[in-house]
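Per the working numbering: the sequence shown = residues 3 to 256.
No residue lacks a Cβ here, since even glycine has one placed at the ideal position from N, Cα and C.
Small disclaimer: the values here were computed from a predicted structure and weren't measured.
Shown next, in structure tokens, is the structure this report addresses.
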Amino acid sequence: MTPLKPLALSLALLLGTGAVQAGEPLLLVHRHALLHSPPTQARQGQSEWDMHRTGQSRTSIVRLEAESPLQRYVEGERTLIVLDGQVRFSFDNDQKTLGPGDYVAIPAGQAYRIQAGDDGKPLLLGFDVPGPAVAGAQPVIKRQAQVMAGPTNWNDPSDRGWTLDKTAAKRVNLVEMFSELKNHSHPDADHSLILLKGRARVVTPTEEHVLEPGDYVSIPRNVAHKYYVDGDQPALFVSFDAPAYDPAKTLYLE
């Protein structure tokens with residue numbers, strides 16, 4: 003058996019960023035272009051491309067090429083969302099096979115192994131936040147179809163959403179957008195998301211971009227922005243923030 007490899011994720015290992023200003027541009031990463039560049043990190047069974055690092059989190063794309071060794075983070079929580087393909091997760095004596103849109107949060111200290119559940123090379127979104135191990139903490143698994151069939155946390159004419167996970171270090175939401183989200187800004191934190199399905203347009207006072215599935219965008223705090231569905235199908239996002247902005251502080255500008 004491959005020996006277990008403890009990993010550490012702490013603030014000291016992340017690339018810190020300073021306070022952002024209202025005129026700062028958004029961060030946009032196109033998945034297709036990213037995957038045609040050299041990976042940031044290659045470990046046994048997987049390659050990883052960083053999309054965004056801050057003092058509170060790391061966001062990446064993971065391509066699973068073979069069964070991973072048994073591993074765990076000695077500190078810091080590891081969130082993985084399947085983007086393409088099927089992935090088998092092994093935790094102690096439990097196994098789960100997850101597909102596109104499914105979510106798992108792996109707490110510090112939890113040993114796990116991942117491998118492709120089919121003949122392809124699945125892609126996953128990685129979202130990591132630092133923090134100590136908590137005794138007795140268990141993985142959190144959410145299947146997208148079950149989440150969307152259940153009650154929403156909000157349901158507006160423009161969009162509806164479900165909170166997949168909320169802790170002191172992060173918040174992760176699944177958001178389905180039907181039309182237009184009005185111009186607004188978040189004064190207390192950045193806002194980041196990845197598009198899972200459909201097409202969407204993000205607009206700021208100085209930029210406009212079309213997002214395709216797998217594209218990632220992070221909008222700095224205080225930057226006014228709005229979203230439009232691009233086409234006649236809803237757009238499905240996962241938003242993830244560390245630290246999470248307070249919705250009650252959102253400023254609507256129209």
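Check: Would you kindly report the start and end of the unbroken alpha helix (DSSP H) that includes Pro46?; Outcome: Checking the sequence shown, residue 46 turns out to be Gln, not Pro. Neither: Gln46 is in no alpha helix (DSSP H) and is coded neither H nor E.
Check: If distances are taken between C-alpha atoms only, which option among Asn95, Val31 and Asn157 comes closest to His54?; Outcome: Val31
Check: Taking only three categories from DSSP, how would you classify Val149?; Outcome: helix
Check: CB-CB under 6 Å to Val64, same chain, minus the five flanking residues each way: which ones, in chain order?; Outcome: Gln48, Glu50, Leu126 and Gly128
Check: Less than 7 Å between C-beta atoms, sequence neighbours within five positions excluded: which residues of the same chain meet that for Arg201?; Outcome: Val212, Leu213, Glu214, Asp232, Gly233 and Ala237
Check: Mapping DSSP to helix, strand and coil, what is Ala244?; Outcome: coil
Check: The beta strand (DSSP E) with His34 in it runs from where to where?; Outcome: Segment Arg33 to Leu37 is the alpha helix (DSSP H) holding His34; no beta strand (DSSP E) there.
Check: Check Lys228 in the structure and name its three-state DSSP category.; Outcome: strand
Check: Which class does Glu256 belong to by DSSP, given the choice of helix, strand or coil?; Outcome: coil
Check: Taking the alpha-carbon of Asn240 as reference, which of Val205, Glu256, Asp161 and Arg223 has the nearest alpha-carbon?; Outcome: This sequence places Val at residue 240; Asn is not what is there. For the residues Val205, Glu256, Asp161 and Arg223, the minimum Cα distance to Val240 belongs to Asp161.
Check: Taking the alpha-carbon positions, what's the Gln97 to Gly119 distance?; Outcome: 11 Å
Check: When burial is assigned at 16 or more other CB atoms within 10 Å of the CB, is Gly133 buried or exposed?; Outcome: buried
Check: Taking the C-alpha atoms as reference points, what is the distance between Ser181 and Tyr230?; Outcome: 6 Å
Check: If you reduce the DSSP assignment to three classes, tell me which class Ala113 lands in.; Outcome: coil
Check: Under a Cβ-count criterion, where at least 16 other Cβ atoms within 10 Å of its own Cβ denotes burial, should Thr81 be classed as buried or exposed?; Outcome: buried
Check: According to the neighbour-count rule (16 or more other Cβ atoms, all chains shown, within 10 Å of its Cβ), is Pro222 buried or exposed?; Outcome: buried
Check: Just tell me which of Asp167, Asn224, Gly163 and Leu198 has its CA closest to the CA of Asp192.; Outcome: Asn224
Check: Excluding the 5 residues flanking Pro249 on each side, which residues of the same chain have their C-beta closer than 6 Å to its C-beta?; Outcome: none
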